[in-house]
């Protein structure tokens with residue numbers, strides 16, 4: 074009982090948001106309950122911080138505040154598209170879920186973060202969860218002969234998007250000495266495990282992004298002589314696996330097949346329909362969450378043999394549902410994160426590099442699948458952004474404290490002057 078008495082509402086919020094992300098793909102119901110508890114403790118903490126007038130002095134919140142403001146601007150730009158929807162309540166609910174509810178880690182973590190150790194545990198928890206997910210997907214494909222396994226979920230592309238976004242983050246953690254050795258070792262194991270998950274899931278888009286990862290992390294090639302060797306070893310193992318598997322070879326070859334491969338061809342067909350929808354509803358779209366119903370009723374082409382129900386593209390989907398104003402909101406939000414992370418990365422900021430990795434690979438995968446409405450993907454994306462911002466703020470605060478401790482006092486100055 075004493076253990077629980079010593080914990081604060083902030084520590085409970087951090088624990089439950091980490092537990093929610095750990096469980097969200099293993100058990101959606103359990104994940105949602107834990108997420109709800111995280112929100113509850115966050116709101117209690119927010120009230121206490123407001124009542125005690127400590128919000129203004131919270132340096133982690135100050136670090137996250139520009140991102141929260143940009144998110145707020147994006148939401149305001151989306152709001153008008155709700156009022157053109159045929160189902161106002163449905164669209165308003167979709168707006169809240171997509172743009173706010175799934176972005177709550179960006180609020181919870183910075184408002185409740187107290188130490189870097191907490192953030193390291195949050196990263197470790199989600200890495201372990203994804204290791205289990207990846208091993209299950211690989212087992213389903215290799216041993217159960219499932220052609221498109223999905224791990225704990227029912228959508229193989231969701232796991233692919235998560236792993237494509239996560240592996241570059243793990244590479245950065247593995248390479249940067251600012252992270253504790255235990256987390257770095259876990260990142261090494263997770264990279265190999267998650268690669269198994271990518272090949273188990275059979276997503277060609279994720280394979281392309283995996284091939285791009287060595288180029289994205291090129292800065293480490295000069296810092297560590299083992300980096301290029303490790304990449305060559307991994308490439309050799311993957312090459313041997315592909316060479317021994319005719320089905321893998323065929324899957325890779327089909328990546329550029331835009332005719333007989335209906336997974337590719339039907340995307341083009343849906344994009345053609347989406348172009349017609351954007352032409353008819355250019356400014357505000359058809360309303361958040363309304364694409365499928367309007368598309369099925371008026372725009373679906375007979376060539377869509379797989380009966381796809383969304384555009385498989387974040388940029389196109391947002392434009393069809395919220396018009397060019399919605400696209401502007403999307404570009405402002407993710408453009409701000411991407412550009413600022415890029416600038417700070419060039420200044421040698423490893424935490425910004427994490428944000429750059431998560432955002433770049435999230436946006437690239439979003440060119441071939443609609444991930445912006447995928448709960449597990451978006452919660453995890455904002456989770457990574459929030460953790461990196463909190464770590465950066467905590468590191469800066471530690472540096473300031475160390476400088477203050479080492480700075481000579483006035484009495485010391487007088488002693489030095491006399492000497």
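Residue numbers (the numbering used here): 74 to 492.
Using N, Cα and C, we set each Cβ at its ideal position, and we do this for glycine too.
A quick note: this is a predicted structure, and the numbers were derived from the prediction, not measured.
What did DSSP end up calling residue 456 once you bin it into helix, strand or coil? Counting from one through the chain shown, the residue named residue 456 turns up at place 383. It is helical.
Own chain residues within Cβ distance below 8 Å of residue 148, not counting five before or after: The count along the chain shown starts at 1 and reaches residue 148 at position 75. Excluding sequence neighbours, residue 148 sits near 168, 172, 173, 402.
Give the straight-line distance between the Cα atoms of residue 388 and residue 440, rounded to the nearest whole angstrom. Translated into the one-based positions of the chain shown, residue 388 becomes position 315. Translated into the one-based positions of the chain shown, residue 440 becomes position 367. Whole-angstrom Cα-Cα distance: 7 Å.
Do three or more CB pairs link the segment 231-243 to the segment 433-450 at distances below 8 Å? yes
Please confirm if the segment 239-251 is in contact with the segment 285-294, defined as three or more CB-CB distances below 8 Å between the two stretches. yes
Secondary structure at residue 489, three-state DSSP: helix, strand or coil? In the chain shown, the residue the question calls residue 489 occupies position 416. Note on residue 489: pLDDT 36, under 50, position unreliable in the model; the coordinate value appears next. In this structure, residue 489 counts as helix in the three-state DSSP scheme.
Do you know how far the Cα of residue 128 is from the Cα of residue 196? Stepping through the chain shown from its first residue, residue 196 is reached at position 123. Stepping through the chain shown from its first residue, residue 128 is reached at position 55. Each residue's Cα considered, the two are about 25 Å apart.
Cut-off 7 Å between Cβ atoms - residues of its own chain near residue 346, not counting five sequence neighbours on either side: Numbered from 1 along the chain shown, position 273 holds the residue referred to as residue 346. Cβ within range, chain order: 368, 372, 373, 374.
Report the rounded CA-to-CA distance for residue 187 versus residue 459, giving the unit in angstroms. For the purposes of this step, residue 187 is taken as the residue at position 114 of the chain shown. For the purposes of this step, residue 459 is taken as the residue at position 386 of the chain shown. Their Cα atoms are separated by approximately 13 Å.
Between 437, 471, 423, which has its C-alpha nearest residue 243's C-alpha? As a working note, residue 243 is residue 170 in the chain shown. Nearest C-alpha to residue 243: 423.
Which of the three DSSP states, helix, strand or coil, is assigned to residue 116? For the purposes of this step, residue 116 is taken as residue 43 along the chain shown, with counting starting at 1. Here residue 116 sits in helix by DSSP.
My output table needs one value for residue 125: the three-state DSSP class, helix, strand or coil. As a first step, residue 125 is located in the chain shown; it is residue number 52 there, counting from the start. Coil.
Going by C-alpha to C-alpha distance, which of 84, 467, 99 sits closest to residue 207? Stepping through the chain shown from its first residue, residue 207 is reached at position 134. The shortest C-alpha separation from residue 207 is found at 99.
Hey, which unbroken runs of the beta strand (DSSP E) at 3 residues or more fall wholly within the segment 362-387? none
Considering Cα atoms alone, identify which of 456, 437, 88, 84 is closest to residue 278. On the chain shown, residue 278 is found 205 positions in, with the first residue counted as 1. It is 437 whose Cα lies nearest to the Cα of residue 278.
Check this for me: beta carbons of residue 338 and residue 331, under 8 Å apart or not? Position 265 of the chain shown, counting from 1, holds the residue named residue 338. Position 258 of the chain shown, counting from 1, holds the residue named residue 331. Cβ atoms of residue 338 and residue 331: closer than 8 Å.
Got a sec? Which residues, its chain only, sit under 8 Å from residue 321 by beta carbon, not counting five neighbours each side? As a working mapping, residue 321 is identified with position 248 in the chain shown. Here the set comprises 272, 314, 315.
Do you know offhand how far residue 301's Cα is from residue 381's? Looking up residue 301 in the chain shown gives position 228. Looking up residue 381 in the chain shown gives position 308. Cα to Cα, the separation comes out at about 41 Å.
Starting from residue 177, trace the alpha helix (DSSP H) both ways and give me its first and last residue. Counting from one through the chain shown, the residue named residue 177 turns up at place 104. Careful: residue 177 lies outside any alpha helix (DSSP H) and carries neither H nor E.
If you check the beta carbons only, do residue 406 and residue 429 fall under 8 Å apart? Here the question's residue 406 lines up with position 333 in the chain shown. Here the question's residue 429 lines up with position 356 in the chain shown. No; because the gap between Cβ atoms is not below 8 Å, this pair is not in contact.
Can residue 111 and residue 137 be called in contact, C-beta distance under 8 Å? For the purposes of this step, residue 111 is taken as the residue at position 38 of the chain shown. For the purposes of this step, residue 137 is taken as the residue at position 64 of the chain shown. Cβ atoms of residue 111 and residue 137: not closer than 8 Å.
Secondary structure, alpha helix (DSSP H): runs of 4+ residues fully inside the segment 221-294: 229-248, 254-274, 277-289
Shortest alpha-carbon distance to residue 259 belongs to which of 318, 194, 281? Here residue 259 refers to the residue found at position 186 of the chain shown. It is 194 whose Cα lies nearest to the Cα of residue 259.
Assign residue 58 to buried or exposed, taking buried as 16 or more other Cβ atoms, counted over all protein chains shown, within 10 Å of its Cβ. Here the chain comprises residues numbered 74 to 492, so residue 58 is not present and cannot be evaluated.
By how many angstroms is the C-alpha of residue 409 removed from the C-alpha of residue 142? To locate residue 142, count along the chain shown from 1; it is residue 69. To locate residue 409, count along the chain shown from 1; it is residue 336. Spanning the two alpha carbons is a distance of roughly 11 Å.
Residue 280 versus residue 383 - alpha carbon distance: Translated into positions along the chain shown, residue 280 becomes position 207. Translated into positions along the chain shown, residue 383 becomes position 310. Cα to Cα, residue 280 sits roughly 22 Å from residue 383.
Alpha-carbon spacing of residue 264 relative to residue 159, whole angstroms: Indexing the chain shown from 1 puts residue 264 at position 191. Indexing the chain shown from 1 puts residue 159 at position 86. In a straight line, the C-alpha of residue 264 is about 45 Å away from that of residue 159.
Considering Cα atoms alone, identify which of 299, 256, 238, 157 is closest to residue 286. In the chain shown, residue 286 corresponds to position 213, counting from 1. Out of 299, 256, 238, 157, 238 has the C-alpha closest to the C-alpha of residue 286.
How would you call residue 344, buried or exposed, if buried means at least 16 neighbouring beta carbons within 10 angstroms? Counting from 1 along the chain shown, the entry for residue 344 is found at position 271. Exposed, because fewer than 16 other Cβ atoms sit within 10 Å of the Cβ of residue 344.
Could you pull out every residue in the same chain whose Cβ sits closer than 6 Å to the Cβ of residue 425, ignoring the five residues on either side in sequence? Along the chain shown, one-based indexing puts residue 425 at 352. Counting only Cβ-Cβ distances below 6 Å, and skipping sequence neighbours, we find 414, 417, 418.
Is the distance from the Cβ of residue 163 to the Cβ of residue 362 below 8 Å? Here residue 163 refers to the residue found at position 90 of the chain shown. Here residue 362 refers to the residue found at position 289 of the chain shown. Yes.
Looking at the structure shown, is residue 171 part of a helix, part of a strand, or coil, going by DSSP? Counted from its first residue, the chain shown places residue 171 at position 98. If DSSP states are grouped into helix, strand and coil, residue 171 belongs with the helices.
Output yes or no for whether 8 Å exceeds the beta carbon distance between residue 85 and residue 114. To locate residue 85, count along the chain shown from 1; it is residue 12. To locate residue 114, count along the chain shown from 1; it is residue 41. Cβ atoms of residue 85 and residue 114: closer than 8 Å.
Buried or exposed for residue 329, going by 16 or more other Cβ atoms inside 10 Å? What you label residue 329 is simply residue 256 of the chain shown in a count that begins at 1. Exposed: under 16 other Cβ atoms inside 10 Å.
Relative to the C-alpha of residue 145, which residue among 179, 462, 109, 96 is closest? For the purposes of this step, residue 145 is identified with residue 72 of the chain shown, where counting begins at 1. Ranking 179, 462, 109, 96 by Cα distance to residue 145 puts 179 first.
Can you tell which of 266, 412, 185 has the C-alpha that lies nearest to the C-alpha of residue 464? Here residue 464 corresponds to residue number 391 of the chain shown, with the count starting at 1. Minimum Cα distance to residue 464 is reached at 185.
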